[in-house]
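Trainee: My questions all concern the structure below.
In structure tokens:
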């Protein structure tokens, strides 16, 4: 996405020009239907601005040398999802929150190159009965974490590539049972 913004062809520009370059506040329209409104420095999007894609996706926030970098908000109108937080080279990177109303899902935590990475909490329902809080790697549960299932069952322990793996404790509240010990490639029966 970052390289993409550099190569957009502008069809219209309304704004300030200095030394034959866009400079200061301006609004551009691109041949492919995208739009940018914000600050230009030496002909590049720099500082605060809003980029609107032709399909309705919208980014409002910081730009650095034609790249979405700093703090910003993404809005996906068609899906009803939103991200608010740190961005680097057009991707979620750093700390931020992703909301998706149609799926009642909210993730707040660390991101790296557009994926959940580091510590964070994802809530899977509006009542907050189903959630995972812990460590992520490349968008997968990985490391220490606690998963509370919709049934009320809870697993607290080690994860690897989205699977329970290592030492952990599972409490089946619906059966009044628990297990503490080692887990390897579990979740085969999906009984929680």
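Numbering (my numbering), first residue to last: 1046 to 1237.
Note that the Cβ used here is the ideal one computed from N, Cα and C, for glycine as well.
Computed from a predicted model, the values in this text were never measured in an experiment.
1. What is the DSSP secondary structure of residue 1061, reduced to helix, strand or coil?
2. By alpha-carbon positions, which one of 1180, 1225, 1175 ends up nearest to residue 1156?
3. I need the DSSP call for residue 1171, collapsed to helix, strand or coil.
4. Just to confirm the assignment, what range does the beta strand (DSSP E) spanning residue 1068 have?
5. Skipping 5 residues on each side, what residues in its chain have a beta carbon closer than 8 Å to that of residue 1211?
6. Check each candidate in 1139, 1166, 1146 and name the one with the smallest Cα separation from residue 1152.
7. Quick one: Cα of residue 1093 to Cα of residue 1198, how far?
8. Taking only the alpha-carbon atoms, compute the straight-line gap between residue 1215 and residue 1177 and give it to the nearest angstrom.
Mentor: The answer reads as follows:
1. strand
2. 1180
3. coil
4. 1066-1075
5. 1202, 1203, 1204, 1205, 1227, 1228
6. Residue 1152 has its Cα closest to that of 1166, out of 1139, 1166, 1146.
7. 46 Å
8. 14 Å
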